[in-house]
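The structure under discussion appears below in the form of structure tokens.
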Amino acid sequence: MIPMKKSLLLLAAIALLVGCGNKKPNNTTEPQPKPFSVDTYKVEDRHLLATVGEGEETYEEYASFSCEIDIPVTDNQALRDSICYWFAQNLGSIYDGDPSDVKAVVNFYKDWALETDDDYEEAEGFDLGYIITMQEATDHYVTYRFYDFIETSSSPRANAEETYVTFDRNTGKRFTRNMIKVDENLKQLVMNALFEQFFSDWEDDVLPDLLFFDPEDEEDYGFFLPQYDDPWIYNDYIYFGYSEHEIADRCTGQPQCGLPYNVMEPYLTEEGKTYFNF
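In the working numbering, the protein residues as written are 719 to 996.
Shown next as structure tokens:
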């Protein structure tokens, strides 16, 4: 039988060992990001613009507006302000109020879009819409998608455009092209990815006439990385997206492709690497 004093010492030693085994070194402890979620706000409205024609040939032209937007819910004020400012930037340039009041911004542009002039007897109807959604939130970044479209009475097809942006989860800073070191090898990687991921469904005898660059010309194929939109991050891939008519005919849409982190790591600045979970 173990004496009582020795037994107590043994139990204390075991407890100390277990405690030490579970304790993490101070230098591996990382601050946890503040909780992040979204509050989806939806608004729809329609105004009569004009009654056009005479007699039995009359018809009504309407202006319609819709918006669905994921408003950030977080105690991280820097992140929230950055996202809300981006909303306001994309919705327009004439709102001079507080961009952090997202509902007020949306309703301002709704009222502005649907504003009518009583003296204007004829007008073309339209349907204007925005879908602004949070795509992914990790411990390191938050990525949003901004999609807008407009369809008019005279056009059977809506004109649509989408952009993406990634924000640093802690600072709110946007991920930009300045965080990527561009060289000819990276251009080749992106061009190859575009053909594999985006242009693969186009016929080989049709596609060359639609491209604004020549992939067969090794000396000067005229290819470049996106000039208008910054790259974004999704599922630890870096995506490159082009505007309509930037590198190919408008009928091809908005070409885009993604490259995984292990491929992109050599081309990232130290700041760019901080957006990833590695």
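A virtual CB, placed ideally from N, CA and C, is assigned to each residue, including glycine.
From a predicted model like this one, the values you see are computed outputs, not experimental measurements.
Unbroken beta strand (DSSP E) runs of length 3 or more, entirely within the region 849 to 922: which are they? 859 to 870, 877 to 886
For L734, the three-state DSSP class (helix, strand or coil): Because L734 carries a pLDDT of 40, less than 50, the predicted location of this residue cannot be relied on, and no value is offered for it.
I think N888 touches P790, with their Cβ atoms under 8 Å apart; what is that distance to the nearest whole Å? Not a contact, Cβ separation roughly 14 Å.
Start-to-end residues for the beta strand (DSSP E) that takes in D757: 754 to 770
For V756, which option in V860, R875, E879, A911 has the closest C-alpha, if you only look at C-alpha atoms? V860
Taking buried to mean at least 16 other C-beta atoms within 10 Å of its own C-beta, is G739 buried or exposed? Unreliable placement is indicated for G739, whose pLDDT of 44 sits below 50; no coordinate value is reported for it.
Run through the DSSP bridge pairs and tell me what Y780 is partnered with. L766
Report yes or no: do three or more beta-carbon pairs, one from the region 889 to 902 and one from the region 936 to 953, lie closer than 8 Å? yes
Compute the beta-carbon to beta-carbon distance between L912 and T970, rounded to the nearest angstrom, for a pair I have assumed lies under 8 Å. In fact, because the Cβ distance is near 10 Å, the residues do not count as touching under 8 Å.
Coarse secondary structure for F844, derived from DSSP in three states: strand
Contact set for M1017: own chain, Cβ-Cβ below 7 Å, skip 5 residues either direction: There is simply no residue 1017 to check, as the chain begins at 719 and stops at 996 in what is shown.
Have a look at W804 and P978 and give me their C-alpha separation to the nearest angstrom. 26 Å
Under the three-state reduction of DSSP, which class applies to G739: helix, strand or coil? Low confidence applies to G739: its pLDDT is 44, below 50, so where it sits in the model is not reliable, and the reading given next is rough at best. The answer is helix: DSSP assigns G739 an H, G or I state.
State the Cα-Cα distance for the pair P984 and R863, rounded to the nearest angstrom. 26 Å
Can you tell me where the alpha helix (DSSP H) holding G990 begins and where it ends? 988 to 991
Straight-line gap, D886 to K991 (C-alpha atoms, nearest Å): 11 Å
Please report the Cβ distance between D788 and M852, rounded to the nearest whole angstrom; I am assuming they are in contact, meaning their Cβ atoms lie under 8 Å. 4 Å
Which stretch, first to last residue, makes up the beta strand (DSSP E) that contains C975? 974 to 978
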